[in-house]
Amino acid sequence: MCAVASTQAFAQPSSDSEAPNIILIMADDLGYGDTAYNGNPHVQTPNLDQWAQEGIRFTRFYANSPVSSPTRGGCLTGRHPFRYGVFHANTGHLLSRELTLPEILKEHGYATGHFGKWHLGTLTTEAKDGNRGGAKHAEEFSPPWLNGFDRCFTTESKVPTWDPMLKPSGKKNKYGWDSIDDKSNAKRFGTYYWNEKGKIVTTNLEGDDSRVIMDRVIPFIENQTKNKQPFFTVIWFHTPHLPVVAGPEYRALYKDLSSLEQNFFGSITAMDEQIGRLRNKLADLNIDDNTMIWFTSDNGPEGDFGEVPGSSGSFRGRKRSLYEGGVRVPGLFIWPQFTHSSKVIGAATSTLDYFPTILDALGYDLPAAKQYDGISLLPVISSDKMLRNNLLPFESKTHVAIMDDRYKIIAGKKNLDNIELYDLVADPAETTDIASQYPQIVKSLNQSLQDWRESCTNSFNGTE
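In this text, residue positions in the sequence shown follow the numbering used here: the first is 4, and each later residue adds one.
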């Protein structure tokens, strides 16, 4: 399903010493409209804004799922997780038969590290941890250290975005929390950070969670740079997933807004600060030119409109929805040695494209005998001209969807009925269903959707 084409604009490394460092950064539940560069009038994201000005900004970048776990699997495999049983958040796990980016890159001399949220399986079969950890879900044990990562500082699932090990206080409603003033009587939140040895981490866990994560990332990068070893680093922040809490210095930036908004926007600004810290460290180490960095979110914003400050911009829908607001997310890329100027790209691109794009950039062949749902983005980054040679599929608990470069159909999951068709070029907000006007387009996309679902079934059954 995926043809990987190399492009002249990207010279491939001739030796391991020239191999680029690779960093994948993901926010959690960050909507398309939750950054200043995408038009949010409140949030302060100066480091992401600078990146958007200097690098590649994708305006039609898609998480491959409207919820967390499947998107994360797609990032690491280039395959939609319905092919291997990660159907929704907190279901299934990354199977050992799936080939991951860190596994491939380790074979080529890379050091690999995972930092932050995992959400692709449990991290313990003994202790009660996170959403599923413990003996009750022992069959879902699939930590990052068994999937190609050498160094880990990892949680199974969500944690508070301030004092991540402690349950936030002052819960006013489903979406409102406050930071803890008296920590002596604070309750444990119940989700732990684990290292690559399968041990719980117990130190440096107070304050902003994004900083806590970056405190582990920086030494990993420094060590690999000292050893002159290329690195593949996955940084999956928890921000701004609920329970969202910001420290007083970040809330103070939004003192004229509501308490919930102070926490929400404050946590995003704190995360943005750590992204700036990372990029400054790369520059200090003189490795920024040959480090490729990607930034995105796992899905759209949580909650109904008006309940949570998260914004899907001008798009319809939010997290769990297959309308644009549930899956269209911020997308940034930079690799200064090869992306010599900034660019805004409007082609349909996806987290599924990480895997083939990175392999293409390194000159590695795409592994055979598997069906891939992503494509290499090097042609579009190089020339801004690309037509997808495979379509972008999506699936939720209730609906399925598939899109080409222009049109998207959404259908009921059980019988593929109640089909809606949208022209995403003329109507990106999906205000007008045009299915009745273009029955041939509906028929063609519906057949592609059926073919893709059959392909996923074959993959899941091991018969692809």
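Even glycine gets a Cβ: it sits at the ideal position worked out from N, Cα and C. The model shown is predicted, which means the values in this text are computed figures rather than measured ones.
Are the Cβ atoms of residue i and residue j separated by less than 8 Å?
i, j, result
"I26", "I296", "yes"
"P146", "G124", "yes"
"L126", "W197", "yes"
"Y195", "T158", "yes"
"H96", "D376", "no"
"L34", "G316", "This sequence places Gly at residue 34; Leu is not what is there. It is a contact, given that the beta carbons lie within the stated cut-off."
"G313", "D52", "no"
"P251", "W180", "no"
"I412", "L452", "yes"
"Y65", "S270", "no"
"Y425", "I437", "yes"
"F61", "I348", "yes"
"G210", "W148", "no"
"A350", "V403", "no"
"V248", "P304", "no"
"F144", "G116", "no"
"A114", "Q227", "yes"
Since residue i and residue j are thought to touch, with beta carbons under 8 Å apart, how far apart are those beta carbons, to the nearest angstrom?
i, j, result
"S160", "N302", "About 14 Å separates the two Cβ atoms, so there is no contact after all."
"T236", "V220", "6 Å"
"S462", "Y87", "7 Å"
"F234", "M274", "So it is not a contact: roughly 21 Å between Cβ atoms."
"E433", "R319", "5 Å"
"L256", "Q47", "6 Å"
"G119", "I238", "6 Å"
Going by DSSP, what residue range makes up the alpha helix (DSSP H) through residue i?
i, result
"A286", "S262 to D287"
"K446", "P442 to F463"
"P222", "D212 to K229"
"E252", "P251 to R254"
List the residues that DSSP assigns as beta-bridge partners of residue i.
i, result
"Y65", "R331 and S353"
"S172", "D181"
"R300", "The question names Arg, yet the displayed sequence has Ser at residue 300. Partner(s): A30."
"G119", "T157 and W239"
"D52", "BP columns for D52 are empty, so no partner."
"K322", "Paired residue(s): none; K322 is not in a bridge."
"G136", "D132"
"G415", "H402"
"T294", "N24"
"I59", "F336 and K346"
"F234", "A114"
"I203", "W197"
Step through the CB atoms of chain B and report whether any lies within less than 8 Å of the CB of residue i.
i, result
"D52", "Judged by its chain identifiers, the structure shown contains no chain B, having just a single protein chain."
Return the first residue and the last residue of the beta strand (DSSP E) that residue i is part of.
i, result
"I348", "K346 to I348"
"D426", "E423 to D426"
Quiz item: Counting only runs that start and end within the segment 375 to 409, where is the alpha helix (DSSP H) found for 4 or more residues in a row?
Solution: The segment 375 to 409 contains these whole alpha helix (DSSP H) runs: 381 to 386.
Exercise. Could you pull out every unbroken beta strand (DSSP E) segment of at least 3 residues lying fully inside the segment 73 to 125, listed in chain order?
Key: Residue ranges of uninterrupted beta strand (DSSP E) with 3 or more members, entirely inside the segment 73 to 125 and ordered along the chain, are 114 to 120.
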